[in-house]
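Chains as they are written, first to last, in my numbering: chain C, 1 to 117; chain Y, 1 to 111. Worksheet: the structure to be examined is printed underneath.
Okay, structure coming up:
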């Protein structure tokens, strides 16, 4: 089945620095990928939709200048948390859709645990 | 996008059948019903999807009544490893629709 690889699985960074998270579709091409954030004991919250070759679409309330998304190829999307602060500590999850699989084609990465100290 | 409502939590014991019901009163004609499972510190994993009546795979069954305003995920003979959060999602099969997650149901399976 479709596989989405997310890297790194965890990262600790200092406040004020930037962190990049990668999301790769390993065996299919994904023109669209999605980024979620999940706080402890809460559900996944959609942050943005990443579109290959064009600008990402951000959900209301998500700062596009803080969470930079780049979808440079059909298999790679990156999320950069700029000038990270402790309140950005969270579990970030990406998802990609294999259009060839129709409605069942959404596959999620294993997530990235970001801790800002 | 149709909103979904599920119980916040459920408890069960090993070997029992667990049924989790999801309400989606505003489901549209083109919408499918999909269930995901999430373990702590992992991404969600697809369990099952259906449009109407009953769907069964090696993991679970999905029951959808004729009016499609609700659905029930059935997990036969649960084990401790089935302890997880289960999400019911409703969305159009076509296009590039984003998946919006509700609160989910936290299932705890006890020995």
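Every residue gets a Cβ at the ideal spot worked out from N, C-alpha and C, and that includes glycine. Here the structure is a predicted model, which is why all the values come from computation and not from measurement.
Cβ separation of residue i and residue j, assumed to be a contact under 8 Å, to the nearest whole Å
i, j, result
"residue 81 of chain C", "residue 18 of chain C", "6 Å"
"residue 90 of chain Y", "residue 27 of chain Y", "5 Å"
"residue 100 of chain C", "residue 43 of chain Y", "Contact doesn't hold; Cβ gap of about 20 Å is too wide."
"residue 16 of chain Y", "residue 78 of chain Y", "6 Å"
"residue 55 of chain Y", "residue 47 of chain Y", "Actually they do not touch by this definition, with Cβ atoms about 10 Å apart."
Residue i (DSSP reduced to helix, strand or coil)
i, result
"residue 74 of chain C", "coil"
"residue 82 of chain Y", "helix"
"residue 100 of chain C", "helix"
"residue 22 of chain C", "strand"
"residue 27 of chain C", "coil"
"residue 67 of chain Y", "coil"
"residue 88 of chain C", "helix"
"residue 48 of chain C", "strand"
"residue 61 of chain C", "coil"
"residue 108 of chain C", "strand"
"residue 110 of chain Y", "strand"
"residue 54 of chain Y", "strand"
"residue 99 of chain Y", "coil"
"residue 39 of chain C", "coil"
"residue 39 of chain Y", "coil"
"residue 19 of chain Y", "strand"
"residue 77 of chain Y", "coil"
"residue 24 of chain Y", "coil"
"residue 8 of chain Y", "coil"
"residue 90 of chain Y", "strand"
Contacts around residue i, its chain only, beta-carbon distance under 7 Å, and the 5 residues preceding and following it disregarded
i, result
"residue 116 of chain C", "13, 15, 84, 85, 86, 88 and 89"
"residue 106 of chain C", "95 and 97"
"residue 75 of chain C", "24, 25, 29 and 30"
"residue 70 of chain Y", "21, 22, 23 and 24"
"residue 5 of chain C", "24, 26 and 109"
"residue 82 of chain Y", "75, 107 and 109"
Proximal residues to residue i (C-beta, below 8 Å), its chain only, five neighbours per side dropped
i, result
"residue 52 of chain Y", "64, 66 and 68"
"residue 10 of chain Y", "18, 20, 105, 106, 107 and 108"
"residue 92 of chain Y", "28, 30, 31 and 32"
"residue 3 of chain C", "25, 26, 27 and 107"
"residue 44 of chain C", "36, 37, 38 and 93"
Heavy atom of the ligand NAD within 6 Å of residue i beta-carbon
i, result
"residue 14 of chain C", "As for the ligand NAD, it is missing from this structure, which has no ligand bound."
Beta-carbon contacts of residue i that lie in its chain and below 6 Å, excluding the five residues immediately before and after
i, result
"residue 3 of chain Y", "none"
"residue 101 of chain Y", "87"
"residue 118 of chain C", "For chain C, the structure presents residues 1 to 117; residue 118 of chain C sits outside this window and is missing."
"residue 58 of chain C", "48 and 64"
"residue 91 of chain C", "38, 111 and 113"
"residue 34 of chain C", "49 and 95"
"residue 11 of chain C", "19 and 114"
Q: State whether the segment 26 to 35 of chain Y contacts the segment 36 to 56 of chain C, with contact taken as three or more CB pairs (one from each stretch) at a distance under 8 Å.
A: Contact between the segment 26 to 35 of chain Y and the segment 36 to 56 of chain C is absent, because fewer than three Cβ pairs lie under 8 Å.
Q) When you check each C-beta in the segment 39 to 68 of chain Y against every C-beta of chain C, which residues fall closer than 8 Å? A) 41, 42, 43, 44, 45, 46 and 49
Q. Can you list, in chain order, the residues of the segment 97 to 110 of chain Y whose Cβ is nearer than 7 Å to any Cβ on chain C?
A. 98, 99, 100, 101, 102, 103 and 104
**Q.** Any 3 or more C-beta pairs closer than 8 Å across the segment 80 to 98 of chain C and the segment 58 to 70 of chain C
**A.** With a cut-off of 8 Å, the segment 58 to 70 of chain C and the segment 80 to 98 of chain C count as touching, because enough Cβ pairs lie within range.
Q | contact_flag[the segment 59 to 68 of chain Y, the segment 100 to 108 of chain Y] where n(CB pairs < 8 Å) is 3 or more | A | no
Q) Given a limit of 7 Å on CB to CB distance, which residues of the segment 39 to 72 of chain C reach chain Y? A) 43, 44, 46 and 49
(Q) Please identify, using Cβ separations under 9 Å, the residues of the segment 77 to 95 of chain C that lie next to chain Y, in order along the chain. (A) Within the segment 77 to 95 of chain C, the residues whose Cβ lies closer than 9 Å to any Cβ of chain Y are, in chain order, 91, 93, 94 and 95.
Q.
Give me the subset of the segment 17 to 30 of chain C whose CB atoms are less than 7 Å from a CB atom of chain Y, sorted by chain position.
A. none
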